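> Can you keep this structure in mind? I'll have questions shortly.
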Amino acid sequence: MRILLTGSTGRLGGAFLSLWGEGNSRFEVKTLTRADADLAKPAELRTVLTSIWQRQPFDALINPAAMSGLEQCLDFPDTAQKVNVESPRVMAEFCQEMGARMVHFSTDYVFGGEVPARLCEEDTTGAVNEYGRTKRAGELAVMAASAKALVCRVSWLFGPATAKSHFDHVLERALAGESQNLINDKFSMPTFTHDVVEWTEALLKNDTSGIYHLCNSGEPESWHSYAEKVLRLARQHGYPLGEVNLVGSSLKDAGFFREKRPAYTSMLPQRLHSDGLAAPRNWLEAAEVYLKIR
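Okay, here's the thing in structure tokens:
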């Protein structure tokens, strides 16, 4: 299968590239880098895609690229609109015309986070920040443009990457003996990037479309409880951790955030189960794998 991949230097895009890239007989991956196309300039994107297609048509376009910094989206809403909404729309329109599959990645931040419950694909959204609003608008734009498009929501990704995740920061600070102040009343679901890649392959092999939650199973975690469990696992796997001080704090007291964060955005991968495509493992099982390879 021939893949055109955006965001290949990011945490999720990098996982696709490393697992599906050179040496994989099932996939032929071409990356669409910032040097090829600036997603903040959607008017130029169709020309770029046409040029790529003329040289080498692709079967699927996978788009994990996004403007994801909450304060960045707050400060530059026009750019967030172009990157998170308009460019994905152009990609989906192109895929629809050429008969390719569009796989667009979204976020748990499309939800308002007011109710402490696990969220399914059909649950009502209600983003509380510019990032979430543009990502939800991007979902709708992609699905309107391409009938066969897949929209995959992910949350709290961890896995091998240049940019470190909460998982990595917590572990490295603990190894350095640093005290950590972590929010204990904001909840979501940690998810392993390698598992997301595997589930995406299952989706592409089947005639599926619409929204899927691609996340591991387990209990909803706060940043504080997530850290506690990561460090507990790390000790079990021989990481030389001394006494670690993890201090819990409240989201409402996090004065360093200028943009609102939703409190409860833990998702359920209901469609993966109901469509018989996958039974996501507990994130702690995936975390053990990551501890062995990081």
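Residue 1453, in the numbering used here, is where the sequence shown stops; the numbers in between run on with no holes. All C-beta atoms in this analysis are idealised placements derived from N, C-alpha and C, irrespective of residue type, glycine included. Bear in mind the structure is a predicted one, so any value in this text is a computation, not a measurement.
(1) Taking the beta strand (DSSP E) that Thr1352 falls in, what are its first and last residues?
(2) Here's a check: name, in chain order, each residue in its chain whose Cβ is nearer than 6 Å to the Cβ of Pro1275, leaving out the five neighbours to either side.
(3) May I have a chain-ordered list of the alpha helix (DSSP H) segments no shorter than 4 residues that lie completely inside the segment 1186 to 1242?
(4) Which residue marks the beginning of the beta strand (DSSP E) containing Arg1161, and which one marks its end?
(5) Less than 8 Å between the beta carbons of Ala1308 and Ser1246, yes or no?
(6) From what residue to what residue does the alpha helix (DSSP H) around Cys1311 run?
(7) Decide if Val1406 is buried, meaning its Cβ has at least 16 other Cβ atoms within 10 Å, or exposed.
(8) For Phe1175, write down the residues that DSSP places opposite it in a beta bridge.
(9) So Ser1265 and Gly1297 are supposed to be a Cβ contact under 8 Å. How far apart are they, rounded?
(10) Taking the CB atoms as reference points, tell me whether Ser1184 and Leu1176 lie closer together than 8 Å.
(11) Less than 8 Å between the C-beta atoms of His1372 and Met1426, yes or no?
(12) Closest by CA to Ser1409, which one among Asn1343, Trp1382, Cys1374?
(13) Would you mind reading off the limits of the alpha helix (DSSP H) that contains Met1250?
(14) By how many angstroms is the C-alpha of Ala1259 removed from the C-alpha of Gln1215?
(15) Where in the segment 1278 to 1352 do unbroken runs of the beta strand (DSSP E), each at least 3 residues long, occur, reported from the N-terminal end onward?
(16) For the segment 1430 to 1441 against the segment 1351 to 1363, do three or more pairs of beta-carbon atoms, one drawn from each stretch, fall closer than 8 Å, so that the two count as touching?
(17) Rounded to the nearest angstrom, what separates Lys1294 and Gln1240 at their Cα positions?
(18) Nearest to Arg1420 by CA position, among Asn1340, Pro1201, Gly1291, Val1389, is which residue?
(19) If you count every other CB in all the chains shown that lies within 10 Å of the CB of Ala1446, and 16 or more means buried, which is it?
(20) Who pairs with His1263 in a beta bridge, going by DSSP?
This is what the structure holds:
(1) The count along the sequence shown starts at 1 and reaches residue 1352 at position 193. Premise fails: Thr1352 lies in the alpha helix (DSSP H), 1352 to 1364, not in any beta strand (DSSP E).
(2) Numbered from its first residue, the sequence shown carries residue 1275 at position 116. Same-chain partners within the cutoff: Tyr1423.
(3) 1201 to 1214, 1229 to 1234, 1236 to 1240
(4) Counted from its first residue, the sequence shown places residue 1161 at position 2. From DSSP, the beta strand (DSSP E) with Arg1161 extends over 1161 to 1165.
(5) Position 149 of the sequence shown holds residue 1308. Position 87 of the sequence shown holds residue 1246. Contact: no.
(6) In the sequence shown, residue 1311 corresponds to position 152, counting from 1. No alpha helix (DSSP H) contains Cys1311, which is instead part of the beta strand (DSSP E) from 1309 to 1313.
(7) Within the sequence shown, numbered from 1, the residue matching residue 1406 stands at position 247. So Val1406 ends up on the exposed side.
(8) Within the sequence shown, residue 1175 is the residue found at index 16, counting from 1. Phe1175 is not bridged to any residue.
(9) Taking the sequence shown and counting its residues from 1, the one referred to as residue 1265 is at position 106. Taking the sequence shown and counting its residues from 1, the one referred to as residue 1297 is at position 138. Indeed, because the Cβ distance is near 7 Å, the residues count as touching under 8 Å.
(10) Numbered from 1 along the sequence shown, position 25 holds the residue referred to as residue 1184. Numbered from 1 along the sequence shown, position 17 holds the residue referred to as residue 1176. In this structure, Leu1176 does not lie closer than 8 Å to Ser1184 by Cβ.
(11) Numbered from 1 along the sequence shown, position 213 holds the residue referred to as residue 1372. Numbered from 1 along the sequence shown, position 267 holds the residue referred to as residue 1426. Yes, Cβ-Cβ distance for His1372 and Met1426 is below 8 Å.
(12) As a working note, residue 1409 is residue 250 in the sequence shown. The residue with the shortest Cα to Cα distance from Ser1409 is Asn1343.
(13) To locate residue 1250, count along the sequence shown from 1; it is residue 91. Looking at the DSSP string, the run of the alpha helix (DSSP H) that includes Met1250 is 1246 to 1257.
(14) As a position in the sequence shown, residue 1215 is number 56, starting the count at 1. As a position in the sequence shown, residue 1259 is number 100, starting the count at 1. Cα to Cα, Gln1215 sits roughly 12 Å from Ala1259.
(15) 1309 to 1313, 1339 to 1342
(16) yes
(17) Stepping through the sequence shown from its first residue, residue 1294 is reached at position 135. Stepping through the sequence shown from its first residue, residue 1240 is reached at position 81. Spanning the two alpha carbons is a distance of roughly 9 Å.
(18) Against the sequence shown, residue 1420 aligns to sequence position 261. For the residues Asn1340, Pro1201, Gly1291, Val1389, the minimum Cα distance to Arg1420 belongs to Gly1291.
(19) Locating residue 1446 in the sequence shown gives position 287, counting from the first residue. Buried is the call here.
(20) Counted from its first residue, the sequence shown places residue 1263 at position 104. Answer is Asn1222, Val1310.
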